[in-house]
Each structure stands twice: as C-alpha cells, then as structure tokens.
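Colleague: Just so you know, the sequence shown maps onto residues 1014 to 1061 in the working numbering.
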Amino acid sequence: MHLNNRFNHYPVANAEIVKALYTVALEGADPEAEWAKAVEAIKNAIRE
1014 MHLNNRFNHY PVANAEIVKA LYTVALEGAD PEAEWAKAVE AIKNAIRE
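(1) Alpha carbon to alpha carbon, how far is residue 1037 from residue 1044? Give it in angstroms, no decimals.
(2) At 4 residues or longer, and completely inside the segment 1016 to 1059: list those alpha helix (DSSP H) runs for me, N to C.
(3) Quick check: the Cα distance between residue 1027 and residue 1051, rounded to an integer number of angstroms?
(4) Which residue wins for smallest C-alpha separation from residue 1034, given the options 1025, 1047, 1061, 1053?
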C-alpha cells in the first residue's frame, strides 16, 4: 500500500472512530465490539 493511500482515508477513519465513541457513550454499547467494527470499516476503506 502506498503511503498516500493511507492519508486519503483519514476522513473515513476519523468518522468511524467518532461513531464508535458516540455509540459507546450515548447508547451504552460494548466498547470492544464497537472498536472492532470501526477497525474493520477502516481496513475495508483502505483496501478499496
């Protein structure tokens, strides 16, 4: 993976991280499960 490809996906990564934090804070969701979802979404965005 080229380094610039990673930088292009920062908005996706930031959105996923914020979504996970808010879901845990506001809905009382399981932090580990939400973090795992965020990590997978970020990985998928980078692969595309």
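For each residue, glycine too, the CB sits at the ideal point set by N, CA and C.
Just so we're clear, the structure is a prediction, and the values are computed from it rather than from any experiment.
Modeller: Looking at the coordinates:
(1) Numbered from its first residue, the sequence shown carries residue 1044 at position 31. Numbered from its first residue, the sequence shown carries residue 1037 at position 24. Going by the C-alpha atoms only, they are around 6 Å apart.
(2) The segment 1016 to 1059 contains these whole alpha helix (DSSP H) runs: 1016 to 1021, 1023 to 1040.
(3) Locating residue 1027 in the sequence shown gives position 14, counting from the first residue. Locating residue 1051 in the sequence shown gives position 38, counting from the first residue. Rounded to whole angstroms, residue 1027 to residue 1051 spans 10 Å at the Cα level.
(4) On the sequence shown, position 21 is the one that residue 1034 refers to. Considering only alpha carbons, the answer is 1047.
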